[in-house]
Amino acid sequence: GGEKTIAALALLFAIHSHHPAPFFVMDEVDAALDNVNVLKLCNYIRHRSKDFQCIVISLKDVFYEKSQGLVGICRHVETNSSRTLTLDLTQFDKTEQSNGATSKKRRRDSSTETSERAKKRSSISMDTSLQ
């Protein structure tokens with residue numbers, strides 16, 4: 003699913019190959035895509051990440067699994083402000099590969115792994131912003 007989205011992204015990336023941009027911000031471009039096409043998009047972005055930086059706003063677990071870092075914004079009720087939570091996932095990729103975890107298992111347990119990664123991470127940086 004999501005053939006129109008794939009066609010639009012193909013045009014975007016073709017224009018990028020002719021006139022490169024240093025980064026992309028993609029807001030829920032995966033909403034209409036099925037899991038197979040989301041995985042293809044993730045793999046393409048990961049493969050081309052040496053050429054550009056990409057910020058993807060998504061609600062799909064596949065993007066969380068394939069990302070190098072996560073950024074979350076939440077409301078801090080006591081101070082009536084927003085906080086950002088950042089999580090560097092690059093150190094966990096190396097750990098998972100050395101343990102021999104398979105991609106099928108990672109897809110099946112993606113939501114559990116994301117929360118486990120958050121628990122394992124001892125230092126999550128929190129910054130107050132956007133009052």
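In this text, residue positions in the sequence shown follow our numbering: the first is 3, and each later residue adds one. Beta carbons are placed, not taken as given, at the ideal position from N, Cα and C, and that holds for glycine.
Please state whether DSSP places residue i in a helix, a strand or coil.
i	result
K106	With a pLDDT of 44 at K106, under the threshold of 50, the modelled position of that residue is not reliable, and no figure is offered here.
H21	coil
D111	Its pLDDT being 47, under 50, D111 is placed unreliably by the model, and the measurement read from it follows with that caveat. Looking at D111 - three-state DSSP - the assignment turns out to be coil, as it is neither helix nor strand.
L89	strand
If residue i sits next to residue j, beta carbons under 8 Å apart, how far is it from one beta carbon to the other, in whole angstroms?
i	j	result
F65	D32	7 Å
T81	V73	T81 to V73, Cβ: 19 Å. No contact.
Taking the alpha-carbon positions, what's the residue i to residue j distance?
i	j	result
S69	L91	7 Å
S51	L35	21 Å
H21	L13	12 Å
H18	F94	31 Å
N39	G3	7 Å
I75	A10	29 Å
Across which residues does DSSP place residue i in a beta bridge pair?
i	result
V73	T88
I47	The partner list for I47 (beta bridge, DSSP) is empty, contrary to what the question assumes.
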